[in-house]
Amino acid sequence: MKTLLSILTFVFSIVLAAQNTYLHCGKLIDTESGEVLTEQTIVVSGNKIISVEKGYKNPDNSETIVIDLKSKTVMPGLIDMHVHIESETNPKSYLEDYTLNDADIAFNSVKYAEITLMNGFTTVRDLGGTGVNVSLRNAINAGKVKGPRIFTAEKALATTGGHADPTNGAKRDLIGNPGPKEGVVNGVDDAKKAVRQRYKNGADLIKITAT
Numbered sequence: 045m046k047t048l049l050s051i052l053t054f055v056f057s058i059v060l061a062a063q064n065t066y067l068h069c070g071k072l073i074d075t076e077s078g079e080v081l082t083e084q085t086i087v088v089s090g091n092k093i094i095s096v097e098k099g100y101k102n103p104d105n106s107e108t109i110v111i112d113l114k115s116k117t118v119m120p121g122l123i124d125m126h127v128h129i130e131s132e133t134n135p136k137s138y139l140e141d142y143t144l145n146d147a148d149i150a151f152n153s154v155k156y157a158e159i160t161l162m163n164g165f166t167t168v169r170d171l172g173g174t175g176v177n178v179s180l181r182n183a184i185n186a187g188k189v190k191g192p193r194i195f196t197a198e199k200a201l202a203t204t205g206g207h208a209d210p211t212n213g214a215k216r217d218l219i220g221n222p223g224p225k226e227g228v229v230n231g232v233d234d235a236k237k238a239v240r241q242r243y244k245n246g247a248d249l250i251k252i253t254a255t
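FYI, the numbering for the sequence shown is 45 to 255, going by my numbering.
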């Protein structure tokens, strides 16, 4: 399975860079019918699949890239609907809230984005981070770094002491007074301001943590 996903993500990266690509697939998983098709050609223009044809078709244009996957099984890219792509959970995660700057998080997020893609996930929904996630999405869309297509909430919203309050568990003299910009809202006006700020910052969606 790991080899299959690596092949898929390699192909995904090649296709993004190529104008026209033909994929010769030994086996192709049709998720709509639930069947496994054999000897199929996927025709891609830019980053869009324009047709799936029976048999191994050869392009007329010599500049078209042909990728030989005749000995492989091909499937659609996976979608993860809940990620936090800027970071990963590890024994140092809590401490990193106090030791990493946004620049550090940005460099780390590039690594996590590529790992996610190489595990077969071509689209993810990112449900909260520091705001670096928006820049990461833009960099991937511009072809500057490798990663999945990202739909991000930028920073999540919560009430004071709620799930997304960034000062939870912190020493009192370090807490400060987080507000809508940081994702802490206590009322209608705060919520409106926070949503508008995220829209301004480029969020694709809004995440509200109700607990």
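Glycine residues also receive a C-beta, built at the ideal position from the N, C-alpha and C atoms.
Please read all numbers here as calculations on a predicted model, not as lab measurements.
DSSP three-state call for residue i: helix, strand or coil?
i           : result
residue 89  : strand
residue 149 : helix
residue 219 : helix
residue 229 : coil
residue 202 : strand
residue 252 : strand
residue 160 : helix
residue 116 : strand
residue 80  : strand
residue 98  : strand
residue 154 : helix
residue 224 : helix
Determine whether the beta carbon atoms of residue i and residue j lie at a separation below 8 Å.
i           : j           : result
residue 129 : residue 180 : yes
residue 143 : residue 108 : no
residue 238 : residue 224 : yes
residue 117 : residue 73  : yes
residue 165 : residue 122 : yes
residue 255 : residue 206 : yes
residue 252 : residue 201 : yes
residue 103 : residue 96  : no
residue 99  : residue 83  : yes
residue 247 : residue 178 : yes
residue 240 : residue 250 : no
residue 153 : residue 127 : no
residue 101 : residue 85  : yes
How would you write the range of the alpha helix (DSSP H) that residue i sits in, first residue to last?
i           : result
residue 237 : 232–245
residue 106 : Taken as a continuous stretch (DSSP letters only), residue 106 belongs to no alpha helix (DSSP H), as it is neither H nor E.
residue 177 : 176–185
Just curious, the beta strand (DSSP E) that residue i is in, first and last residue?
i           : result
residue 141 : Note, residue 141: premise wrong, no beta strand (DSSP E); alpha helix (DSSP H) at 137–143.
residue 68  : 64–74
residue 122 : 122–127
residue 166 : 165–170
residue 196 : 193–196
For residue i, would you say it is in contact with chain D, using Cβ-to-Cβ distances shorter than 8 Å as the test?
i           : result
residue 149 : Note that chain D does not occur in the displayed structure, where there is just one protein chain.
Below 8 Å on the Cβ atoms is my guess for residue i versus residue j; work out the distance and round it to an integer in Å.
i           : j           : result
residue 114 : residue 68  : 5 Å
residue 235 : residue 228 : About 10 Å; that fails the 8 Å criterion.
residue 157 : residue 184 : 6 Å
Cβ pair count under 8 Å reaching 3, the region 155–174 against the region 194–211: yes
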